[in-house]
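Asks: Take a look at this one; I'll ask things after.
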Amino acid sequence: MSAADSGLDRLLDRSIVPGYSALGYRLRKREWSNDDPRPDALAGRRALVTGAGGGLGEATALGLARLGATVHLLVRSEARAAAAVDRIRTTLAEDGRTAELIVEECDVSDLAAVRGFTDSFGGRLRAMDSGLDVLIHNAGVLPATRTESVDGHELTVATHVLGPILMTERLLPALSASTVGARVVLVASGGMYTQGLPTRDPEYTKGEYSGSVAYARSKRMQVELTPLLAERWSDDAVSVYAMHPGWADTPGVADSLPLFRTLTRPILRSAEAGADTAVWLAATEPAPPSGTFWHDRNVRPTSYRSATRPKPGKVDTLWQWVQDAINVE
Ligand SMILES: NC(=O)c1ccc[n+]([C@@H]2O[C@H](COP(=O)([O-])OP(=O)(O)OC[C@H]3O[C@@H](n4cnc5c(N)ncnc54)[C@H](OP(=O)(O)O)[C@@H]3O)[C@@H](O)[C@H]2O)c1
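Position 199 of the sequence shown, counting from 1, maps to 215 under my numbering, and the rest follow consecutively.
And the structure:
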């Protein structure tokens, strides 16, 4: 029986607390014995992971490197990146492995910085005659108060939606140069189940600001735009997925959700368990259907309540707003 057919898996998904926790991961993992990507599944492939200086991004970079990929770790702070690179190298060395790890700097919420980075990164890849096989949009924020990016966009939308889509659009030549069909992963959150698509006020200018609500709305945007992006990028042979990692113990959770962490710490997953599905989506064969939403190696519903399901036309309305904001046609 595959994990997809398992009643236990579905029960865990609907019961949230056990499903998102370390227990859910442990129980599902028992069903994956034949489902791990083969060792060296990513040998000869190139991956870029955003927000890779710690937490899930670092664990994702480790997971991809362990499968043989050359990994570019995109960070805002070189110091954090150096420490992450050291930890990844040490872990790989314990298994007698090495990997090519390259640090990249960019603030993904800053659209000019994204344009600058993609020009330079894309140029370097062209000079090496290399494509980009895997792009994991992991960088994330949960601000306590309403904050704007340098471009004046609400920060969660800028970081989770505008920056990642602009970066992918501008890296399409590199992604389409992949010889195996590139895969893009948007790291969303189960928190998005609590919110609908905020098409009337995507920048959260109305009502009392809540960082958790802003965060969940921006993650809802990622998930709802994924099928549209799959269609848009299919001509470039680029597949795109959204996934949510469950609840993992990371610096971000400690900083942004200290009470949540205190209450749930005994059941939080490791960062590696949270990153598992992003790594799996990048490496499993054959490539899963593009445009789908995943958790713990299984496709998941995008809504459990009709109130959070977008009405017809709303995703297109949001997409029009995104296109205007990042200036792509
Ligand atoms: N941990 C969980 O339980 C959980 C649950 C659901 C979803 N997620 C999602 O998983 C992803 C990783 O979360 P995490 O828990 O590992 O959080 P984390 O420990 O805070 O890591 C987030 C990373 O994103 C980077 N980042 C933030 N804004 C950035 C920007 N503008 N440009 C470039 N990098 C930026 C941070 O870099 P700095 O060091 O420079 O701040 C940090 O390295 C996020 O998208 C988060 O929403 C996590």
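Using N, Cα and C, we set each Cβ at its ideal position, and we do this for glycine too.
Is the beta carbon of residue 203 within less than 6 Å of some heavy atom of ligand 1?
Replies: Translated into positions along the sequence shown, residue 203 becomes position 187. Within the cutoff, so yes.
Asks: Starting from residue 259, follow its DSSP beta bridges and name the residues at the other end.
Replies: Counted from its first residue, the sequence shown places residue 259 at position 243. For residue 259, which the question treats as bridged, DSSP gives the partners 203, 310.
Asks: Taking all protein chains shown into account, do 16 or more other C-beta atoms lie within 10 angstroms of the C-beta of residue 37, making it buried, or fewer, making it exposed?
Replies: In the sequence shown, the residue the question calls residue 37 occupies position 21. Classification for residue 37: buried.
Asks: Please confirm whether any heavy atom of ligand 1 lies closer than 6 Å to the CB of residue 269.
Replies: The count along the sequence shown starts at 1 and reaches residue 269 at position 253. Checking every heavy atom of ligand 1 against the Cβ of residue 269, one is found closer than 6 Å.
Asks: Grouping DSSP H, G and I as helix and E and B as strand, with all else coil, what is residue 213?
Replies: Within the sequence shown, numbered from 1, the residue matching residue 213 stands at position 197. Correct three-state label for residue 213: coil.
Asks: Can you list the alpha helix (DSSP H) stretches of 4 or more residues lying completely in the stretch 36-92, in chain order?
Replies: 38-45, 71-82, all fully within the stretch 36-92.
Asks: By the 10 Å Cβ neighbour count, where 16 or more other Cβ atoms means buried, how is residue 49 classified, buried or exposed?
Replies: Along the sequence shown, read from residue 1 onward, the residue named residue 49 stands at position 33. It counts as exposed.
Asks: DSSP has residue 27 in a bridge; who is on the other side?
Replies: Within the sequence shown, residue 27 is the residue found at index 11, counting from 1. Beta-bridge pairing links residue 27 to no other residue.
Asks: For a test of the three-state rule: what should DSSP assign to residue 153, helix, strand or coil?
Replies: Along the sequence shown, read from residue 1 onward, the residue named residue 153 stands at position 137. If DSSP states are grouped into helix, strand and coil, residue 153 belongs with the strands.
Asks: With respect to 6 Å, is the separation between the Cβ of residue 162 and the closest non-hydrogen atom of ligand 3 below this value?
Replies: You won't find ligand 3 in this model; what it holds is ligand 1.
Asks: From the DSSP output, in three-state form, read off residue 294 for me.
Replies: Counting from 1 along the sequence shown, the entry for residue 294 is found at position 278. Residue 294: helix per DSSP, three-state reduction.
Asks: Measure from the alpha carbon of residue 189 to the alpha carbon of each residue in 135, 210, 208, 169, then state which is nearest.
Replies: Sequence index remark: in the sequence shown, residue 189 carries index 173 (1-based). Checked all of 135, 210, 208, 169; the closest Cα to residue 189 is 135.
Asks: Can you check whether the CB of residue 293 is closer than 7 Å to the CB of residue 316?
Replies: Within the sequence shown, residue 316 is the residue found at index 300, counting from 1. Within the sequence shown, residue 293 is the residue found at index 277, counting from 1. Cβ atoms of residue 316 and residue 293: not closer than 7 Å.
Asks: Run through DSSP, which three-state label would residue 253 get?
Replies: For the purposes of this step, residue 253 is identified with residue 237 of the sequence shown, where counting begins at 1. DSSP places residue 253 in coil when its eight states are reduced to three.
Asks: Is the CB-CB distance between residue 238 and residue 258 below 7 Å?
Replies: As a position in the sequence shown, residue 238 is number 222, starting the count at 1. As a position in the sequence shown, residue 258 is number 242, starting the count at 1. Result yes, Cβ atoms of residue 238 and residue 258 sit closer than 7 Å.
Asks: Residue 118 by DSSP, collapsed to three states: which one?
Replies: Within the sequence shown, numbered from 1, the residue matching residue 118 stands at position 102. Residue 118 falls in the strand class under three-state DSSP.
Asks: I need the boundaries of the alpha helix (DSSP H) containing residue 358, first residue and last residue.
Replies: Lying outside 17 to 345, the shown extent of the chain, residue 358 is not represented and no answer is given.
Asks: Need the endpoints of the alpha helix (DSSP H) that residue 342 sits in, please.
Replies: As a first step, residue 342 must be located in the sequence shown, where it is residue number 326. Counting along the chain, the alpha helix (DSSP H) containing residue 342 begins and ends at 330-342.
Asks: Is residue 343 buried or exposed, if buried means 16 or more other CB atoms sit within 10 Å of its CB?
Replies: Taking the first residue of the sequence shown as 1, we reach residue 343 at position 327. Classification for residue 343: exposed.
Asks: Straight-line CA distance for residue 118 to residue 291?
Replies: Residue mapping note: residue 118 aligns to position 102 of the sequence shown, counting from 1. Residue mapping note: residue 291 aligns to position 275 of the sequence shown, counting from 1. If I take the Cα positions, the gap works out to 19 Å.
Asks: So, at 7 Å on beta carbons, what are the nonlocal neighbours of residue 323 in its own chain, with the 5 sequence-adjacent residues on each side left out?
Replies: If you number the sequence shown from 1, residue 323 lands on position 307. For residue 323, where only same-chain residues beyond five positions count, the Cβ hits under 7 Å are 212.
Asks: Considering residue 98, what are the terminal residues of the alpha helix (DSSP H) in which it resides?
Replies: The residue given as residue 98 occupies position 82 in the sequence shown. Where residue 98 is concerned, the enclosing alpha helix (DSSP H) stretches over 94-110.
Asks: Only counting the same chain, and skipping five residues up and downstream in sequence, which positions put a Cβ closer than 7 Å to that of residue 208?
Replies: The residue labelled residue 208 in the question sits at position 192 within the sequence shown. Hits under 7 Å: 232, 235, 236, 239.
Asks: Taking the Cβ atom as the reference point for each residue, do residue 179 and residue 124 lie within a distance shorter than 7 Å?
Replies: Here residue 179 is taken as the residue at index 163 of the sequence shown, counted from 1. Here residue 124 is taken as the residue at index 108 of the sequence shown, counted from 1. Result yes, Cβ atoms of residue 179 and residue 124 sit closer than 7 Å.
Asks: Figure out for me which residue from 93, 73, 66, 57 has the closest Cα to the Cα of residue 85.
Replies: As a working note, residue 85 is residue 69 in the sequence shown. Checked all of 93, 73, 66, 57; the closest Cα to residue 85 is 57.
Asks: Alpha helix (DSSP H) containing residue 279: first to last residue?
Replies: Counting from one through the sequence shown, the residue named residue 279 turns up at place 263. Here the alpha helix (DSSP H) through residue 279 covers 274-280.
Asks: Have a look at residue 289 and residue 221 and give me their C-alpha separation to the nearest angstrom.
Replies: In the sequence shown, residue 289 corresponds to position 273, counting from 1. In the sequence shown, residue 221 corresponds to position 205, counting from 1. Taking the straight line joining both Cα atoms gives about 36 Å.
Asks: Does DSSP put residue 33 in a helix, in a strand, or in coil?
Replies: The sequence position of residue 33 within the sequence shown is 17, counting from 1. Residue state, collapsed to three classes: helix.
Asks: Quick check on the burial criterion: 16 or more other C-beta atoms within 10 angstroms. Buried or exposed for residue 144?
Replies: As a first step, residue 144 is located in the sequence shown; it is residue number 128 there, counting from the start. Residue 144 should be labelled exposed.
Asks: Spatial neighbours of residue 105 within its chain, please: C-beta separation below 8 Å, excluding the five flanking residues on both sides.
Replies: Sequence index remark: in the sequence shown, residue 105 carries index 89 (1-based). Correct list, in chain order: 114, 115, 117.
Asks: Let me check one thing: in DSSP terms, what residues is residue 264 bridge-paired to?
Replies: Position 248 of the sequence shown, counting from 1, holds the residue named residue 264. DSSP lists 285 as partners of residue 264.
Asks: If you measure between the beta carbons of residue 306 and residue 260, is that distance less than 7 Å?
Replies: For this step, residue 306 is matched to residue 290 along the sequence shown. For this step, residue 260 is matched to residue 244 along the sequence shown. Against a cut-off of 7 Å, the Cβ pair of residue 260 and residue 306 comes out as no contact.
Asks: Considering Cα atoms alone, identify which of 203, 301, 51, 108 is closest to residue 196.
Replies: Walking along the sequence shown from the start, residue 196 turns up at place 180. It is 301.
Asks: In whole angstroms, what is the alpha-carbon distance linking residue 303 and residue 200?
Replies: Within the sequence shown, residue 303 is the residue found at index 287, counting from 1. Within the sequence shown, residue 200 is the residue found at index 184, counting from 1. The straight-line gap from Cα to Cα measures roughly 11 Å.
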